[in-house]
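These notes are about the structure you will find just below.
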Amino acid sequence: MMLMPRIFDDDFFRDDFFRGKDKMQNQIMKTDIQEDEHAYTLDIDLPGYNKEDIKIDVTNGYLTISAKTNHEEKDEKSNYVRRERFIGECSRSFYVGEDIKVDEIKASFKNGILNLVVPKVNPEDESSEKKYIEISD
């Protein structure tokens, strides 16, 4: 008996790609959070984004990271069987406290990973206005 490779596996259309964007949301902006005695460090996966595509702000104690990508498709005649690149925008928020000193938050972006160092709450600052954080190289 000759074994023939299966071109299409039964699980091919059960993949997250075919289940809809709800499953894809779980794959976007995966975050690792570490803590030491002075700060929290967040490493957020943002592959495929440029530094200019990312916006970070703090409003009412919530640190929000937003990323937007808009890669226009140039080849209109392509007949894709499968596309896994995310096009659109995503955001994620973390409660950091209303007393956080936004000026002390440090951000850097390298190799598709956004690194944020958020100092632990300092009760001296009670600002609730929206402030943006600059991302360094």
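Each residue of the sequence shown is one higher than the one before, starting from 32 at the first, in this note's numbering. Cβ atoms here follow ideal geometry from the backbone N, Cα and C, with glycine treated the same way. Note that the coordinates shown come from a computational prediction; the quantities given were computed from them, not determined experimentally.
Inter-residue spacing [alpha-carbon to alpha-carbon] between residue i and residue j
i: D134; j: R113; result: 44 angstroms
i: S139; j: D74; result: 10 angstroms
i: I38; j: S109; result: At I38, the pLDDT of 47 sits below 50, so the modelled position is not reliable; the number obtained from the coordinates is stated separately. C-alpha separation (whole angstroms): 21 angstroms.
i: N142; j: Y126; result: 26 angstroms
i: T90; j: P78; result: 25 angstroms
i: L145; j: I96; result: 10 angstroms
i: K137; j: E83; result: 16 angstroms
i: D63; j: Y111; result: 33 angstroms
8 angstroms contact criterion, which residue i and residue j should meet: CB distance rounded
i: D130; j: V152; result: 5 angstroms
i: A98; j: I118; result: Contact doesn't hold; Cβ gap of about 12 angstroms is too wide.
i: I87; j: I166; result: 7 angstroms
i: Y93; j: S124; result: 5 angstroms
i: P150; j: K162; result: No, P150 and K162 are not in contact; Cβ-Cβ is about 14 angstroms, not under 8 angstroms.
Local conformation of residue i per DSSP, three classes
i: K61; result: coil
i: V127; result: coil
i: V112; result: coil
i: V133; result: helix
i: D168; result: coil
i: F83; result: Strictly speaking, residue 83 in this sequence is Glu, with Phe absent from that position. Reduced to three states, the DSSP call for E83 is helix.
i: N91; result: coil
Those residues which DSSP pairs with residue i across a bridge
i: I75; result: T62, L145
i: K162; result: V89
i: I96; result: I87, R123
Heavy atom of the ligand SAM within 7 angstroms of residue i beta-carbon
i: A138; result: No copy of the ligand SAM appears in this structure; indeed no ligand is present at all.
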